[in-house]
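Keeping their order, the protein sequence lines are chains Y and U. Under my numbering, think of the first position of the first sequence as 438, with each following residue one higher. Under my numbering, think of the first position of the second sequence as 28, with each following residue one higher. Where a beta carbon is used, it is the ideal one built from N, C-alpha and C, also for glycine. Have a look at the structure below before the remarks.
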Amino acid sequence: MPALADEIEGHFRREYGRCVASLIRFFGDIDLAEEAVQEAFTIAVGRWPDAGVPPNPGAWITTTARNRAIDQLRREAGRHDKHAQAALLYGCTAGQETGKETGKESGQMELDDRLRLIFTCCHPALNRAAQVALTLRLLGGLRTAEIARAFLLPETAIAQRIVRAKRKIKAAGIPFRIPGDAELPERLGAVLMVIYLVFNEGYDSSGEVMLREELCAEAIRLARLLAELMPDEPEVLGLLALLLLIHSRRAARVTPDQQLVLLPDQDRSLWDRDLIGQGQALVRACLRRNSPGPYQIQAAINAVHSDAATAAETDWRQILRLYDQLMACAPTAIVALNRGIALAEVEGPGPALAAITDLDLDGYHLYHAARADLLTRLGRPAAAAQAYSAALLGAANFAERKFLEQHRDAAAELAGRTG
Amino acid sequence: MKEYLLSVHHDDDVPISAEDMEQSIKDVGVFNTELRAQGAWVFAGGLHSASTATVVRIVNDSVVTTDGPYAETKEQLGGFWIIKAPDLDAALELAARGARACLLPVEVRPFQDDSES
């Protein structure tokens, strides 16, 4: 019964983060929590086809996994650590305890469990690659093989990364705790960065396929979760809005034969109106809070693009103002480059080229692509062809390569004719 | 409570100014007093330069003694603290204060617990 197998898989995938997070609070051990959920899954696969899917699958998974973990602890007579002892003691009354919790209290506790787990996964004592893998594994419920496929890495590499990170959390005593106010901005920044990186890996995929949609969808799922957990953090809402607005253009950005379509040339009827509506509503909510940050401003820039029915109707002055604001709070070379692209639409390609020429972005292929575009518009096809060639050296995937090659060849041909 | 080793590595060839040295000794003293006051102190010590080290190893069942540190790297262990802390966040917080006092990077490593060994 493949439909039911998929359904069971789906329930576990959805409930994984919530369930593992609450078991970690209970037992203080990631491996034990994960093994218990895995065992509950095995039981569900055996039982649900006959007994039917329980009315509240999430609660069933948590209770079953908790009981499996308690059995496991009882079997390991040699386990002396205090946390396990305590869990065992309280575990005997776990059934009644859950019954007593009011819906609201246990709901809040579950949200807090996941929030604590997110901050543990994105702890600064873990390297970025480990943070990403661990977040996808523990909160996204992705299997090691799925993460490996998404990042085009061997499964053993991802498995080692996750095992090492979990070992470090345990050995070094990385706490399961929501950071205090003083450290929150920095720690939250790491969480937002991890979600953004997951999205970007799906969006600017390094594979032969331009867009790995499941990775983008997972990043949005994580961003939605974080927005639910921290509804008062404007940058969290900003990140969610940014991802929704970028994702709304996915269908228009790549043709069926994997050709890249830039924003001005996209068929805007293919944009996802529902996601745009959600993203714009979030941007408006952020504006009302009046506490801008880099993600909110980038979301606002994307909201301006989403507002334009045609590329020609884009309010570039507004976008340029937003880039000036972004430069004030996140003055990176990449932001300066994107500001330059907006400047070209307001003041023309000449001032834009002057603005980006000295940027220290020689290793960034999109920098050369942007220069190439400005040079083309300035009627300097030979220099443009050269810049496209430089961009090709760093092209991330097939669609980008093809796009850059076509433009380089066109520029070179034009240079040959005019030169 | 877990125990952590906070080790300080430095390059003997990179000189430190007399004022910095004096200030650092003073600051480390203050930090040590704070560690004791908050019950985090287990042990601490500064080491003579790595050139004073001697390595002893057993080769074919006999003792071989060599002059100099075990690893011939530029950065050598210069001193360390052993502290007690409830978790890594608390240990990192103390390490940051130690790094500020001794003007050098501090590596934080957990000791194995009895229950893990």
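{"Asked": "Please state whether DSSP places proline 768(Y) in a helix, a strand or coil.", "Found": "coil"}
{"Asked": "According to the Cβ coordinates, are phenylalanine 107(U) and glutamate 30(U) closer than 7 Å?", "Found": "no"}
{"Asked": "Using a Cβ cut-off of 7 Å, which residues of the segment 87-118 of chain U contact any Cβ in chain Y, in chain order?", "Found": "Asp114, Leu115, Asp116"}
{"Asked": "Any idea if arginine 845(Y) is buried or exposed, counting beta-carbon neighbours within 10 angstroms, 16 or more meaning buried?", "Found": "buried"}
{"Asked": "Can you check which of these residues, Leu104(U), Asn87(U), His75(U), Val83(U), is closest to aspartate 191(U) by C-alpha distance?", "Found": "An answer regarding residue 191(U) cannot be provided, because it is not within the stretch 28 to 144 covered by chain U."}
{"Asked": "Please work out which residues of its chain come closer than 7 Å, Cβ to Cβ, to arginine 661(Y), disregarding the five sequence neighbours upstream and downstream, and give them in chain order.", "Found": "Leu677"}
{"Asked": "Spatial neighbours of tyrosine 453(Y) within its chain, please: C-beta separation below 6 Å, excluding the five flanking residues on both sides.", "Found": "Gly578"}
{"Asked": "Does the beta carbon of alanine 609(Y) come closer than 7 Å to any beta carbon on chain U?", "Found": "yes"}
{"Asked": "Give the residues of chain U in contact with proline 788(Y), contact being defined as C-beta atoms less than 8 Å apart.", "Found": "Per Cβ cutoff of 8 Å: no residues; proline 788(Y) is ~45 Å from chain U at best."}
{"Asked": "Identify every residue that forms a DSSP beta bridge with valine 86(U).", "Found": "Ser89(U)"}
{"Asked": "Using the beta-carbon count (16 or more within 10 Å), is leucine 857(Y) buried or exposed?", "Found": "As shown, chain Y starts at 438 and ends at 856. That puts residue 857(Y) outside it, with no answer to give."}
{"Asked": "Which residue spans inside the segment 71-137 of chain U form an unbroken alpha helix (DSSP H) run of at least 4?", "Found": "115-129"}
{"Asked": "Distance, Cα to Cα, alanine 791(Y) vs glutamate 471(Y)?", "Found": "55 Å"}
{"Asked": "Report the three-state DSSP secondary structure of aspartate 797(Y) (helix, strand or coil).", "Found": "coil"}
{"Asked": "Should arginine 511(Y) be labelled buried (16 or more other beta-carbon atoms within 10 Å of its own) or exposed?", "Found": "exposed"}
{"Asked": "Could you check if isoleucine 771(Y) is buried or exposed, using at least 16 other CB atoms within 10 Å of its CB as the buried criterion?", "Found": "exposed"}
{"Asked": "Mind pulling the chain U residues with CB within less than 7 Å of proline 612(Y)?", "Found": "Asp114, Leu115, Asp116"}
{"Asked": "Indicate the three-state DSSP secondary structure (helix, strand or coil) for tryptophan 708(Y) in the structure shown.", "Found": "coil"}
{"Asked": "Which residues, in chain order, does the segment 562-588 of chain Y contribute to contact with chain U at a C-beta distance below 7 Å?", "Found": "Ala562"}
{"Asked": "Please check the pair glycine 125(U) and histidine 37(U), which I expect to be a contact at CB under 8 Å, by giving their CB distance rounded to whole angstroms.", "Found": "Rounded, the Cβ-Cβ distance is 13 Å, inconsistent with contact."}
{"Asked": "Would proline 137(U) pass as an interface residue toward chain Y - the criterion being a Cβ-Cβ separation below 7 Å?", "Found": "yes"}
{"Asked": "Buried or exposed for lysine 53(U), going by 16 or more other Cβ atoms inside 10 Å?", "Found": "exposed"}
{"Asked": "Decide if glutamate 765(Y) is buried, meaning its Cβ has at least 16 other Cβ atoms within 10 Å, or exposed.", "Found": "For the record, residue 765(Y) in the displayed sequence is alanine; it is not glutamate. With fewer than 16 Cβ atoms within 10 Å of its Cβ, alanine 765(Y) is classed as exposed."}
{"Asked": "For tryptophan 485(Y), list the residues DSSP reports as bridge partners.", "Found": "Tryptophan 485(Y) is not bridged to any residue."}
{"Asked": "Do the segment 594-610 of chain Y and the segment 561-569 of chain Y touch if we need at least three Cβ pairs shorter than 8 Å?", "Found": "yes"}
{"Asked": "How many angstroms separate the CA atom of aspartate 116(U) from the CA atom of alanine 496(Y)?", "Found": "33 Å"}
{"Asked": "When the Cα atoms are used, what is the spatial distance from alanine 809(Y) to aspartate 799(Y)?", "Found": "13 Å"}
{"Asked": "Check for me: the alpha helix (DSSP H) holding leucine 621(Y) runs from which residue to which?", "Found": "621-640"}
{"Asked": "Give a yes or no on whether 7 Å exceeds the smallest Cβ distance from lysine 53(U) to chain Y.", "Found": "no"}
{"Asked": "Say whether the segment 447-461 of chain Y touches the segment 472-485 of chain Y, bearing in mind that this needs 3 or more beta-carbon pairs closer than 8 Å, one atom from each stretch.", "Found": "yes"}
{"Asked": "Pick out the complete alpha helix (DSSP H) segments inside the segment 784-837 of chain Y, 4 residues or longer, and give them in chain order.", "Found": "786-793, 802-814, 818-829"}
{"Asked": "Near alanine 815(Y), what residues of its chain come up, given a Cβ to Cβ distance below 7 Å and the 5 sequence neighbours on each side ignored?", "Found": "It should be pointed out that residue 815(Y) corresponds to leucine in this sequence rather than to alanine. Pro786, Gly787, Leu790, listed in sequence order."}
{"Asked": "For the alpha helix (DSSP H) holding leucine 699(Y), just list the boundary residues, first then last.", "Found": "Counting along the chain, leucine 699(Y) falls outside any alpha helix (DSSP H), and DSSP gives it neither H nor E."}
{"Asked": "Under 7 Å between the Cβ atoms of serine 76(U) and aspartate 40(U)?", "Found": "no"}
{"Asked": "Which residue or residues does DSSP assign as beta-bridge partners of aspartate 38(U)?", "Found": "Glu102(U)"}
{"Asked": "For chain A, check one thing: does any of its Cβ atoms lie closer than 7 Å to the Cβ of glutamine 696(Y)?", "Found": "No chain A is present in this structure, whose protein chains are Y and U."}
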